[in-house]
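Remarks on the structure that follows.
Residue numbers (my numbering), protein chains in the order written: chain P, 234 to 547; chain E, 13 to 123.
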């Protein structure tokens, strides 16, 4: 249950940011889509919108918010559950409310505002999805947004970060049906987060080689995963020498997408945007390097016996 | 002496994002990912001043950071993600594929 940022700009009169700090991490979000722009049904821009920030600390985004709700660390799921109960008019325990660090009046006021909105959006960030509770927190946030549709139009959207992570998810989804954590070992895709996802594979030491494309796990992943990257052959494709390059066996310098290489980037609302490079690069693109590696691999005889009627990779 | 217990919240910051594009070997990036913010009362209790070095330890590993006073809740520490926080992060994903990236229970001691 989501929408594009264009719809947010033109329709959303009630915006919640939960566990995210867009003022610092998505600095154009407020001005291009969610707060200040005037939209088709939001003629007065900022004056026609209410913004609520839920976070464990008063970030720079709090200055832009109409209402700031400071939830206790690790109590997001509890707060979401209470909000869901209040949306349905159910009673909630005072002890449960006290646990969140907020007052019942604050939560009831939020629920009243959510129900009274014409078009509400819940943007949720890593403060919700990558803290204790993880996918359960995200599921609670999505369920809250879904249940609010009994009263008004309400959508939810994750605050995706980094360049084109959404693109990776979208492409994997339409080529394999799954967004990440995909095992192709049997020639067809199998999906199981926790088993085939990158960090789990590395931490358990399941893989004996790693190809890193447009990422720097050496500076972002947990220590046990980095240790495995060091132990086994790692190949990096990146325009720059990264922390991962230094622990890898091979670093291939590639052109920078959007600057010296063409491509398509997916915005966080999954809108594809074509990129036209303004400069030229002496280095090959990621796509070209991958194609050449693939061609070289295809020329090699498989190390295992292949039956003539076995399913073939396309 | 045992150190003080805190909850550590690795975060992202605007300056960190800018410096990512400049390069992770730059002095500015290294300073950003090594600077941990703390409530002034917690700093007093720990016995540290602005700029002091602290050692932060989890079950997985330890790393040192420069301490800086900031308007943050008591009992919580904040530091932008980077190579030092990787040293503290465990590999358990609880079946989700993503490690717990925030809310680590840490022990802090003055170096």
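Backbone N, C-alpha and C define an ideal beta-carbon position, used for all residues, glycine too.
Within a Cβ cutoff of 6 Å, which residues of the same chain sit near residue i, ignoring the five residues on either side of it in sequence?
{"i": "residue 64 of chain E", "result": "79"}
{"i": "residue 318 of chain P", "result": "325"}
{"i": "residue 13 of chain E", "result": "Residue confidence is low: residue 13 of chain E scores 48 on pLDDT, short of 50, so the model does not pin down where it sits. Its coordinate-derived value is still stated next. Closer than 6 Å at Cβ, skipping near neighbours: no residue."}
Is the Cβ-Cβ distance between residue i and residue j less than 8 Å?
{"i": "residue 354 of chain P", "j": "residue 241 of chain P", "result": "yes"}
{"i": "residue 84 of chain E", "j": "residue 16 of chain E", "result": "no"}
{"i": "residue 494 of chain P", "j": "residue 510 of chain P", "result": "yes"}
{"i": "residue 480 of chain P", "j": "residue 496 of chain P", "result": "no"}
{"i": "residue 360 of chain P", "j": "residue 289 of chain P", "result": "yes"}
{"i": "residue 238 of chain P", "j": "residue 285 of chain P", "result": "no"}
{"i": "residue 115 of chain E", "j": "residue 48 of chain E", "result": "no"}
{"i": "residue 468 of chain P", "j": "residue 435 of chain P", "result": "no"}
{"i": "residue 89 of chain E", "j": "residue 55 of chain E", "result": "no"}
{"i": "residue 389 of chain P", "j": "residue 234 of chain P", "result": "yes"}
{"i": "residue 45 of chain E", "j": "residue 102 of chain E", "result": "no"}
{"i": "residue 412 of chain P", "j": "residue 406 of chain P", "result": "yes"}
{"i": "residue 258 of chain P", "j": "residue 29 of chain E", "result": "yes"}
{"i": "residue 248 of chain P", "j": "residue 279 of chain P", "result": "no"}
{"i": "residue 424 of chain P", "j": "residue 432 of chain P", "result": "no"}
{"i": "residue 250 of chain P", "j": "residue 294 of chain P", "result": "yes"}
{"i": "residue 99 of chain E", "j": "residue 75 of chain E", "result": "yes"}
{"i": "residue 105 of chain E", "j": "residue 438 of chain P", "result": "no"}
{"i": "residue 176 of chain P", "j": "residue 340 of chain P", "result": "Summary: the structure shown does not reach residue 176 of chain P, with chain P confined to residues 234 through 547, and so no result is reported for it."}
{"i": "residue 311 of chain P", "j": "residue 332 of chain P", "result": "yes"}
Chain P partners of residue i, CB-CB under 7 Å?
{"i": "residue 99 of chain E", "result": "456"}
Under 7 Å between beta-carbons, which chain E residues line up against residue i? List them in chain order, please.
{"i": "residue 260 of chain P", "result": "26"}
{"i": "residue 255 of chain P", "result": "In chain order: nothing, as chain E lies at least about 10 Å away."}
{"i": "residue 426 of chain P", "result": "107, 108, 109"}
If the cut is a Cβ gap below 9 Å, which residues of chain P does residue i touch?
{"i": "residue 83 of chain E", "result": "290, 291"}
Take residue i and list the residues in its own chain whose beta-carbon comes closer than 7 Å to its own, dropping the five residues that flank it on each side.
{"i": "residue 503 of chain P", "result": "399, 403"}
{"i": "residue 476 of chain P", "result": "449, 451, 452"}
For residue i, name the three-state secondary structure that DSSP assigns.
{"i": "residue 494 of chain P", "result": "strand"}
{"i": "residue 407 of chain P", "result": "helix"}
{"i": "residue 378 of chain P", "result": "helix"}
{"i": "residue 266 of chain P", "result": "helix"}
{"i": "residue 41 of chain E", "result": "helix"}
{"i": "residue 98 of chain E", "result": "helix"}
{"i": "residue 79 of chain E", "result": "strand"}
{"i": "residue 13 of chain E", "result": "Residue confidence for residue 13 of chain E is low, a pLDDT of 48 falling below 50, so the modelled location carries little weight and cannot support an answer."}
{"i": "residue 299 of chain P", "result": "coil"}
{"i": "residue 428 of chain P", "result": "coil"}
{"i": "residue 359 of chain P", "result": "helix"}
{"i": "residue 234 of chain P", "result": "coil"}
{"i": "residue 239 of chain P", "result": "helix"}
By Cβ distance below 8 Å, which residues in the same chain neighbour residue i in space, the five residues on each side in sequence not counted?
{"i": "residue 273 of chain P", "result": "243, 244"}
{"i": "residue 348 of chain P", "result": "320, 381, 384, 385"}
{"i": "residue 579 of chain P", "result": "In the structure displayed, chain P extends from 234 to 547; residue 579 of chain P sits before or after that span and is not available."}
Is the beta carbon of residue i within less than 7 Å of some heavy atom of the ligand MN?
{"i": "residue 63 of chain E", "result": "In terms of ligand content, the structure shown is empty, and the ligand MN therefore cannot be addressed."}
Identify the contact partners of residue i in chain P, using a Cβ-Cβ distance below 8 Å as the criterion.
{"i": "residue 112 of chain E", "result": "363, 364, 365, 367"}
Item checked: Residues within the segment 436-466 of chain P neighbouring chain E, beta-carbon criterion of under 7 Å -> The residues in question are 436, 452, 453, 454, 455, 456, 457, 458, 459.
Item checked: Proximal residues, the segment 64-79 of chain E versus chain P, C-beta separation under 7 Å -> Along the segment 64-79 of chain E, going in chain order, the ones with a CB nearer than 7 Å to a CB of chain P are 72, 73.
Checklist line | Where the segment 299-315 of chain P meets chain E: residues whose CB sits under 8 Å from a CB there | finding: Here the close residues are 303, 306, 307.
Check: Given a limit of 9 Å on CB to CB distance, which residues of the segment 470-491 of chain P reach chain E?
Finding: Here the close residues are 473, 474, 475, 476.
Notebook entry, point to check: Given a limit of 7 Å on CB to CB distance, which residues of the segment 406-433 of chain P reach chain E?
Noted result: Of all residues in the segment 406-433 of chain P, the ones placed with a Cβ closer than 7 Å to any Cβ belonging to chain E are 413, 414, 426, 427, 430, 432, 433, in chain order.
Note to self: Residues of the segment 360-386 of chain P in Cβ contact with chain E at a cutoff of 7 Å, in chain order, please.
What the structure shows: Residues of the segment 360-386 of chain P whose Cβ lies closer than 7 Å to any Cβ of chain E, in chain order: 360, 363, 364, 365, 367, 368.
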